[in-house]
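Peer 1: Residues in the sequence shown are numbered consecutively from 0, following numbering that gives the first Met the number 0.
Positions of the beta carbon are idealized from the N, C-alpha and C atoms, including for glycine.
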Amino acid sequence: MAIAQFIRLRAFRHGVVWLLILGYHGALAWANFTGAQPQDGLRLQVLSLVVVAPAIYVHGWLLTRFMEQRRYALYAAATLGLVLTAGALLDLLSEVESIAGANAGAPNQTAASLYGHAVGNLLLFLLIATIARYVRRGIVSHFQMQQLRALQLETELSLLKAQVNQHFLFNTLNNLYGLSLAAPDQMPEALLQLAGLMRYQLDSSRQATVTVGTEAEYLANYIGLEKLRLRHNTQVEFTVDLPHPEQPLAPLLLLPLVENCFKHAIGPSGQNTIRIELTQTDVGLTLRTGNSIPPHFRAVPSGLGLPTLRARLAQYYPGQRHQLDIESSSTFYAANLQLAL
């Protein structure tokens, strides 16, 4: 069924193109064949297309069969034979129509010049058709690459979600177990945060965009659950200023930067700090994160966090619509993400 639809679509597209070409040649015939009836000139143009059109399709087959298979000698020989044969047919049609009076107003020309003119016209048609073929192929390839890139980004996002689900859920369940023993009165709030986080991940997996407000709520639940496992020497500051929470946003776009704070700022001694600030204007959204780095800390890149974030930013907020700045030292790590919504 798909093949039949493709054939019908291609036949329709080619038919429209040939009708346009026929109309163009009809207009030329009406304007240029002043020595005879315009319909005689149109007849010559139609008969010429009867030769030119098959020549173009045969040449397309030669490109596929020989040229693109790097069989250059066979392609050159076959194309030369095609041009000479089709040129002879065009020359013959021109002579027949000239005798019939369709081209009576044209100046006398030698047989060689008429044949050369026919071959030149044919080569021009083949060149135009070849250029159109590869331009169209380039455009189609460009859109296919975009689709593949989008699919790859969605796959990477799914991997990111799976990573968050597995590690985060495992750690959270252990933390909830400890919380149930040490501070059971805090369990209801923690369970609600976990339920909200899981619900958001399920909903966002079925949507191309979410709202800024729901993304901020997700981050709040994530931070609240992460704080369950922190020592007393770690201070977390999370501030939110969202005057337009209904604005659309790609899902889970802010998580990698927030997640990095909790991966890198947890040390057994000394004072650890995490600062997360999410602010919004009429046209943009800014996420600033900063965290201290414990002594002797060595980050192990997962391959899914920042690389996936940069790729998704380029896909959903290309060019000047996003800016990601990262500053890192031996004691502090800061990130600043700006989005034009």
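I think G289 touches A333, with their Cβ atoms under 8 angstroms apart; what is that distance to the nearest whole Å?
Peer 2: The count along the sequence shown starts at 1 and reaches residue 289 at position 290. The count along the sequence shown starts at 1 and reaches residue 333 at position 334. Their Cβ separation, rounded to whole angstroms, is 4 angstroms, which keeps G289 and A333 in contact under 8 angstroms.
Peer 1: Please go through the same chain and pick out, in chain order, the residues whose beta-carbon is closer than 7 angstroms to the beta-carbon of P242, but skip the five residues on each side of it.
Peer 2: If you number the sequence shown from 1, residue 242 lands on position 243. Cβ within range, chain order: Q279.
Peer 1: Go to N232, then tell me how far its alpha helix (DSSP H) extends in each direction, as first and last residue.
Peer 2: Position 233 of the sequence shown, counted from the first residue, corresponds to residue 232. Premise fails: N232 is in no alpha helix (DSSP H) and is neither H nor E.
Peer 1: My output table needs one value for R69: the three-state DSSP class, helix, strand or coil.
Peer 2: Numbered from 1 along the sequence shown, position 70 holds the residue referred to as residue 69. Three-state result, R69: coil.
Peer 1: To the nearest whole angstrom, what separates the beta carbons of Q258 and G212, a pair I think is in contact under 8 angstroms?
Peer 2: On the sequence shown, position 259 is the one that residue 258 refers to. On the sequence shown, position 213 is the one that residue 212 refers to. Reading off the sequence, residue 258 comes out as Glu, not Gln. Actually they do not touch by this definition, with Cβ atoms about 20 angstroms apart.
Peer 1: Assess, as a yes-or-no matter, whether the region 135-144 is touched by the region 182-195 under the definition of 3 or more beta carbon pairs within less than 8 angstroms.
Peer 2: No contact exists between the region 182-195 and the region 135-144.
Peer 1: Within a Cβ cutoff of 7 angstroms, which residues of the same chain sit near A249, ignoring the five residues on either side of it in sequence?
Peer 2: Residue numbering aside, residue 249 sits at position 250 when the sequence shown is read from its first letter. Taken in chain order, the residues that qualify are T208, R311 and Y315.
Peer 1: Taking 8 angstroms as the threshold, find out whether the region 176-193 comes into contact with the region 229-238 through three or more Cβ pairs.
Peer 2: Verdict: no, contact absent.
Peer 1: Rounded to whole angstroms, how far is the Cβ of L227 from the Cβ of L178, which I believe are closer than 8 angstroms?
Peer 2: To locate residue 227, count along the sequence shown from 1; it is residue 228. To locate residue 178, count along the sequence shown from 1; it is residue 179. That belief holds up - the Cβ atoms of L227 and L178 are roughly 6 angstroms apart, short of 8 angstroms.
Peer 1: Determine whether the beta carbon atoms of G304 and Q337 lie at a separation below 9 angstroms.
Peer 2: The residue you call residue 304 lines up with position 305 of the sequence shown. The residue you call residue 337 lines up with position 338 of the sequence shown. No, Cβ-Cβ distance for G304 and Q337 is not below 9 angstroms.
Peer 1: What's the gap between the Cα of T210 and the Cα of W60?
Peer 2: Position 211 of the sequence shown, counted from the start, is the residue given in the question as residue 210. Position 61 of the sequence shown, counted from the start, is the residue given in the question as residue 60. Roughly 51 angstroms separates the two Cα atoms.
Peer 1: Have a look at L175 and Q200 and give me their C-alpha separation to the nearest angstrom.
Peer 2: Counting from 1 along the sequence shown, the entry for residue 175 is found at position 176. Counting from 1 along the sequence shown, the entry for residue 200 is found at position 201. When rounded, the distance between both Cα atoms is 20 angstroms.
Peer 1: Taking the beta carbon of S47 as the centre, do at least 16 other beta carbons fall within 10 Å, making it buried, or is it exposed?
Peer 2: Your numbering for residue 47 matches position 48 in the sequence shown. S47 comes out buried.
Peer 1: Can you check DSSP and say which residues form a bridge with T210?
Peer 2: For the purposes of this step, residue 210 is taken as residue 211 along the sequence shown, with counting starting at 1. According to DSSP, T210 bridges with P247.
Peer 1: Fully enclosed by the region 171-204, which alpha helix (DSSP H) runs are 4 residues long or longer?
Peer 2: Here the runs fully enclosed are 186-203.
Peer 1: If V118 and G86 are in contact, beta carbons under 8 angstroms, what's the gap, nearest whole angstrom?
Peer 2: For this step, residue 118 is matched to residue 119 along the sequence shown. For this step, residue 86 is matched to residue 87 along the sequence shown. Indeed they touch by this definition, with Cβ atoms about 4 angstroms apart.
Peer 1: Taking just the CA atoms, how far does E214 sit from S329?
Peer 2: What you label residue 329 is simply residue 330 of the sequence shown in a count that begins at 1. What you label residue 214 is simply residue 215 of the sequence shown in a count that begins at 1. Taking the straight line joining both Cα atoms gives about 31 angstroms.
Peer 1: May I have the straight-line CA-CA distance separating T233 from A339, to the nearest angstrom?
Peer 2: Sequence index remark: in the sequence shown, residue 233 carries index 234 (1-based). Sequence index remark: in the sequence shown, residue 339 carries index 340 (1-based). Near 33 angstroms, if we compare the C-alpha coordinates of A339 and T233.
Peer 1: According to the Cβ coordinates, are L62 and T109 closer than 9 angstroms?
Peer 2: Against the sequence shown, residue 62 aligns to sequence position 63. Against the sequence shown, residue 109 aligns to sequence position 110. No, Cβ-Cβ distance for L62 and T109 is not below 9 angstroms.
Peer 1: Using only the heavy atoms of the ligand ZN, determine whether one of them is closer than 8 angstroms to the beta carbon of H13.
Peer 2: Here there are no bound small molecules, and the ligand ZN is not part of this structure.
Peer 1: Look up Q270 in the DSSP assignment and say whether it is helix, strand or coil.
Peer 2: Stepping through the sequence shown from its first residue, residue 270 is reached at position 271. Q270 falls in the coil class under three-state DSSP.
Peer 1: Across which residues does DSSP place A333 in a beta bridge pair?
Peer 2: As a position in the sequence shown, residue 333 is number 334, starting the count at 1. BP columns for A333 point to G289 and E326.
Peer 1: DSSP three-state label for H321, please.
Peer 2: Position 322 of the sequence shown holds residue 321. Strand, per DSSP.
Peer 1: In terms of residues, what are the limits of the alpha helix (DSSP H) holding H263?
Peer 2: Working through the sequence shown from its first residue, we reach residue 263 at position 264. Taken as a continuous stretch (DSSP letters only), the alpha helix (DSSP H) holding H263 covers L254 to H263.
Peer 1: For M66 and Y74, which I take to be in contact (beta-carbon distance under 8 angstroms), what is that distance rounded to the nearest angstrom?
Peer 2: For the purposes of this step, residue 66 is taken as the residue at position 67 of the sequence shown. For the purposes of this step, residue 74 is taken as the residue at position 75 of the sequence shown. Yes, they are in contact, since the Cβ atoms of M66 and Y74 sit about 4 angstroms apart, within 8 angstroms.
Peer 1: Tell me which residues share the same chain as D281 and place their Cβ nearer than 6 angstroms to its Cβ, disregarding the 5 neighbours each side in the sequence.
Peer 2: Locating residue 281 in the sequence shown gives position 282, counting from the first residue. Answer for D281: no residue qualifies.
Peer 1: So, are the CB atoms of L125 and H58 less than 9 angstroms apart?
Peer 2: By one-based count along the sequence shown, residue 125 stands at place 126. By one-based count along the sequence shown, residue 58 stands at place 59. Taking 9 angstroms as the Cβ cut-off, L125 and H58 qualify as a contacting pair.
Peer 1: Excluding sequence positions up to five away, which residues of its chain have a Cβ less than 8 angstroms from the Cβ of A77?
Peer 2: For the purposes of this step, residue 77 is identified with residue 78 of the sequence shown, where counting begins at 1. So the qualifying residues of the chain are L61 and F65.
Peer 1: Since E216 and F261 should fall inside the 8 angstroms C-beta cutoff, what is the C-beta to C-beta distance between them, to a whole number of angstroms?
Peer 2: Residue numbering aside, residue 216 sits at position 217 when the sequence shown is read from its first letter. Residue numbering aside, residue 261 sits at position 262 when the sequence shown is read from its first letter. E216 to F261, Cβ: 18 angstroms. No contact.
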